[in-house]
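Notes follow the structure.
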Amino acid sequence: MTQSLIKPALAFLGTQGQRCGTDRFELLAAIDETGTISAAAKKVGLSYKAAWDAVNALNNLFSAPLVVKQPGGKHGGGCRVTAEGRKALDAHRSLSHTLQTLLLELEKNLASKEITNFSASAFLGTPSMKTTARNHFRGTIRKITKGAVSAEICIQISPTNELIAIITNPSVDKLELAEGKEVYALIKASSPILMSAPVLMAENEGIRTSARNYLVGTVQYVDHGAVNAEVVIDLADGKTLTSIITEASAESLEIKEGQKICALIKSSHIILAVE
């Protein structure tokens with residue numbers, strides 16, 4: 002498997018030198034999802050005290066608090082992410098992927114010694130951040146179908162591959178999405194569900210699933226671990242998809258390099274970002 006030579010790392014810095022990196026944004030997202038510090042801390046692997054320390058650091062770093070305490074509730078109280086906190090989360094997700102895309106372009110040019118083709122102005126104008134999502138796809142919106150609450154976004158990521166994402170209508174308006182506009186699709190490696198060749202049918206014949214995304218490819222690389230296995234799938238057209246599954250599942254599916262395999266991805270598991 003090709004290893005990246007460039008590992009970007011940027012943290013927001015406060016006036017006193019406080020740092021706010023990806024780990025704290027992961028905590029912020031967990032708080033937004035769970036509504037309590039204790040549940041969020043467990044989700045991201047922090048102690049209760051460490052989580053509160055991180056929240057305090059976040060609130061001190063930004064001009065307005067990102068997390069506030071909330072009385073009442075099932076367990077006697079909790080906390081919530083403020084509007085400013087959600088803005089910070091959205092900015093982090095969008096900027097993270099933008100930088101990663103630019104650095105991949107730089108890395109390719111360095112490898113081929115075509116450095117003069119790299120857009121320095123675009124590179125220097127982008128903040129340096131990381132993203133927890135292993136899969137980043139840049140594509141063009143082919144179709145938008147709006148419903149009462151949510152919208153279905155069809156994104157062409159290559160001549161033979163497209164992704165379907167479901168996001169809320171307010172998010173469509175906020176991102177100013179429109180047919181023909183370029184967009185980034187982020188997918189965590191834990192999201193794809195893998196199916197081996199015996200169940201694959203031509204043109205999806207005989208397969209019924211609630212997952213809107215059905216990507217067929219060839220296993221490019223498998224990294225076996227004690228608990229989990231990382232599977233990289235070649236989707237053709239220069240696109241690859243990384244999936245993390247349990248080692249037991251990898252053994253059960255008998256996954257090996259060169260094997261034809263299918264990845265199912267729910268449309269709600271795709272995060273969209275724009276520049």
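Residue numbers (my numbering): 2 to 276. We treat Cβ as the ideally placed atom computed from N, Cα and C, and that holds for glycine. As the structure is a computational prediction, the values presented were derived from the model and not from experiment.
Rounded C-beta distance between residue i and residue j? I'm assuming under 8 Å.
i: Lys144; j: Glu180; result: 6 Å
i: Leu67; j: Leu29; result: 6 Å
i: Asn229; j: Ile266; result: So it is not a contact: roughly 18 Å between Cβ atoms.
i: Ala134; j: Lys189; result: 5 Å
i: Asp24; j: Val82; result: Rounded, the Cβ-Cβ distance is 16 Å, inconsistent with contact.
i: Ala166; j: Leu273; result: 6 Å
i: Thr37; j: Lys44; result: That belief does not hold up - the Cβ atoms of Thr37 and Lys44 are roughly 10 Å apart, past 8 Å.
i: Asp235; j: Thr161; result: Contact doesn't hold; Cβ gap of about 12 Å is too wide.
i: Val220; j: Ile262; result: 5 Å
i: Ile142; j: Val184; result: 6 Å
i: Glu258; j: Tyr222; result: 7 Å
Please report the residue range of the beta strand (DSSP E) in which residue i lies.
i: Val184; result: 183-188
i: Leu28; result: Here Leu28 belongs to no beta strand (DSSP E); instead the alpha helix (DSSP H) covers 23-35.
i: Ile38; result: Element bounds for Ile38: not the beta strand (DSSP E) but the alpha helix (DSSP H), 38-45.
i: Ser151; result: 151-159
i: Lys144; result: 136-147
i: Ser197; result: 194-197
i: Cys273; result: This sequence places Leu at residue 273; Cys is not what is there. Leu273 -> beta strand (DSSP E) spans 271-274.
From the DSSP output, which residues share a beta bridge with residue i?
i: Glu231; result: Asp224, Ile245
i: Tyr215; result: Leu265
i: Val69; result: Arg81
i: Ala179; result: The partner list for Ala179 (beta bridge, DSSP) is empty, contrary to what the question assumes.
i: Leu164; result: Ile156
i: Ala237; result: Lys240
For residue i, count the other beta carbons within 10 Å of its own beta carbon; 16 or more makes it buried, fewer makes it exposed. Which is it?
i: Pro171; result: exposed
i: Ala251; result: buried
i: His225; result: exposed
i: Ala51; result: exposed
i: Arg209; result: exposed
i: Thr99; result: buried
i: Val233; result: buried
i: Ser192; result: buried
i: Ser48; result: exposed
i: Gly218; result: buried
i: Thr243; result: buried
i: Asn57; result: exposed
i: Gly140; result: buried
i: Glu27; result: buried
i: Ala41; result: buried
i: Ala186; result: buried
i: Gly46; result: exposed
Please list the terminal residues of the continuous alpha helix (DSSP H) segment that includes residue i.
i: Ser172; result: 170-175
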